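Numbering (this note's numbering), first residue to last: 1373 to 1775.
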C-alpha cells in the first residue's frame, strides 16, 4: 500500500463545503478502502488549519489549539492515503507551508497538492458575500475598491488575494512538489451537469467508483443581491449586541443559508463592466502562466476565463427596496418560527423540571425520610452522636471511592 497525502488547499467558493461534507460523512467507508479522512467533527480540519496558521477567527482559534499536531500525527501513522481539505489553507505563509509539509512526512511521503479554482468574475462577488456572512459591513463598492488597490493595503485585500491569486498560491504550496503531483481542479461553467465538479474531485482524490453517500446536508449557498444587502444592514444593527457564537447559528445559518438563500427571482450578484474587463484580463494572464507549468489539470483551464460579455449588473449598494423588504419579511418569519421552536423546547424542559421537583418533594415527605432526618438531627446535637456520624460519613466516602 502506497503512503500518500492528498492536500486540498482551496480556493474558497469552489464546492469545498460540499466536498468536505461528503468526505466527512463517508470517512468510515473510505477507511475500508485504505483512505483516511482525519476528522472527529465536521469542522475538525478547519480547526487544524487555524491552528497551523495561528489565525484568529471569532474566538474559534481557542478551540483549535493542538488540532494541527493531532491531525498530522494521524496522517503519519496511517499506512495508506490520507486526504486533507480546507480552503483556509490557501492563505498559508511559506513558513506555515514548510511546517505543514514536514509534519506530514514530506519528502519521504508522496504528497499531492490539489487546488480547486473558479473564474475570477464569479469569485469577486462571492468573496464580498462571504465577508458579509462573517459580520462585515462595508459596501460592495468599497470592497471592489479595496481589492483593486495595487498596494493591497487592507486586511480585506490581503485575504482576498491570499486565497484567490492562483499562481501565487501554487508558488507558495507547490515549490517543493513535482508539477505532475499538483492538480488544478476547475469549476465548470454555469449550465454544466450538476455532478461534474464532484466527478472531477473524485478522480483527483482517488475515490471515483466508491459507493459513497453524496446526499449531504452542509453547503455554502449563495444569496441574491437584495438578500446580501439585507444581511449587511442586519450586521450594522446587531454586531455590537450579538456575539459570534450566537451570530453563527442565528444569522449565518438560519437567516443566510437556510432562509435567504432559498429565495428565487432576486438578481444575482455580479460585477460592473469595468471590473469585468479588469478581471478578465487578469484571468487570461493567470491561465497563460498555469498552462506553462505542467500541472495536471482536471477539467479545462478555459473554465477559468470569464464569459466575454459581462452579465447584467444590479448594484447591491442601490437595491430595489421592495425586494429587500420582501426578504426582510422572510427573515422575520424564520426568526419567529425559530423562536416558537425554542419556546416549545423551553416549555417541555420546564415541565420536566417541575415533575422532577414534585418527585423530590414527595420523597422528602415520606415518613422514612422524616424519621432519618430527625435521627440525624438528634445525633448531630450531641458530642457522641457527632462522632458516630463522622465515622459513618467517612465510611460512606470510602465506599463511594472504591465503587
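C-beta: ideal position from N, C-alpha, C; glycine also.
Keep in mind it's a predicted model, so treat the numbers as computed, not measured.
Cutoff 8 angstroms; reference residue i; Cβ partners in own chain excluding five residues on either side
i            : result
residue 1602 : 1632, 1696, 1699, 1700, 1703
residue 1397 : 1585, 1588
Reduced DSSP category for residue i - H, G, I as helix; E, B as strand; rest coil
i            : result
residue 1405 : coil
residue 1455 : strand
residue 1379 : strand
residue 1672 : coil
residue 1596 : strand
residue 1426 : coil
residue 1636 : coil
residue 1524 : coil
residue 1660 : helix
residue 1435 : coil
residue 1726 : helix
residue 1629 : helix
residue 1667 : coil
residue 1414 : coil
residue 1543 : helix
residue 1621 : helix
residue 1759 : helix
residue 1679 : coil
residue 1753 : coil
residue 1579 : coil
residue 1570 : helix
residue 1601 : helix
Cut-off 6 angstroms between Cβ atoms - residues of its own chain near residue i, not counting five sequence neighbours on either side
i            : result
residue 1488 : 1386, 1557
residue 1546 : 1485, 1554
residue 1481 : 1375, 1377
residue 1667 : 1551, 1554, 1556
residue 1538 : 1489, 1658
residue 1688 : 1512, 1597, 1600, 1601
residue 1525 : none
residue 1468 : 1424, 1425
Proximity below 8 angstroms, CB of residue i to CB of residue j
i            : j            : result
residue 1678 : residue 1535 : no
residue 1461 : residue 1381 : yes
residue 1485 : residue 1407 : no
residue 1627 : residue 1706 : yes
residue 1389 : residue 1592 : yes
residue 1600 : residue 1528 : no
residue 1670 : residue 1575 : yes
residue 1611 : residue 1514 : no
residue 1440 : residue 1415 : no
residue 1752 : residue 1746 : no
residue 1350 : residue 1472 : Since the first residue shown for the chain is 1373 and the last is 1775, residue 1350 is missing from the structure and cannot be characterised.
Through-space distance from residue j to residue i, alpha-carbon basis
i            : j            : result
residue 1652 : residue 1492 : 8 angstroms
residue 1454 : residue 1519 : 35 angstroms
residue 1856 : residue 1676 : The shown model of the chain, from 1373 to 1775, leaves out residue 1856, and the question about it has no answer.
residue 1568 : residue 1378 : 20 angstroms
residue 1614 : residue 1723 : 29 angstroms
residue 1577 : residue 1691 : 42 angstroms
residue 1475 : residue 1622 : 37 angstroms
residue 1579 : residue 1443 : 21 angstroms
residue 1638 : residue 1607 : 20 angstroms
residue 1479 : residue 1431 : 34 angstroms
residue 1402 : residue 1477 : 21 angstroms
residue 1715 : residue 1730 : 22 angstroms
residue 1496 : residue 1523 : 18 angstroms
residue 1412 : residue 1400 : 11 angstroms
residue 1470 : residue 1597 : 40 angstroms
residue 1617 : residue 1748 : 48 angstroms
residue 1624 : residue 1684 : 27 angstroms
residue 1594 : residue 1734 : 56 angstroms
residue 1425 : residue 1646 : 35 angstroms
residue 1548 : residue 1672 : 24 angstroms
residue 1719 : residue 1711 : 12 angstroms
residue 1418 : residue 1686 : 34 angstroms
residue 1761 : residue 1438 : 48 angstroms
Where the beta strand (DSSP E) containing residue i begins and where it ends
i            : result
residue 1487 : 1482-1489
residue 1558 : 1554-1558
Where the alpha helix (DSSP H) through residue i begins and ends
i            : result
residue 1587 : It is not in any alpha helix (DSSP H) - residue 1587 carries neither H nor E in the DSSP assignment.
residue 1615 : Neither: residue 1615 is in no alpha helix (DSSP H) and is coded neither H nor E.
residue 1513 : 1512-1520
residue 1527 : 1527-1536
residue 1505 : 1492-1505
residue 1561 : Segment: none, residue 1561 is in no alpha helix (DSSP H) and carries neither H nor E.
residue 1549 : Premise fails: residue 1549 is in no alpha helix (DSSP H) and is neither H nor E.
residue 1641 : Unbroken run through residue 1641: none, as it is neither H nor E.
residue 1394 : 1388-1397
residue 1687 : First-last for residue 1687: undefined, no H or E at that position.
residue 1468 : 1466-1475
Same chain only: Cβ atoms within 7 angstroms of residue i, ignoring 5 sequence neighbours per side
i            : result
residue 1648 : 1493, 1678, 1682
residue 1521 : 1529
residue 1566 : none
residue 1561 : 1675
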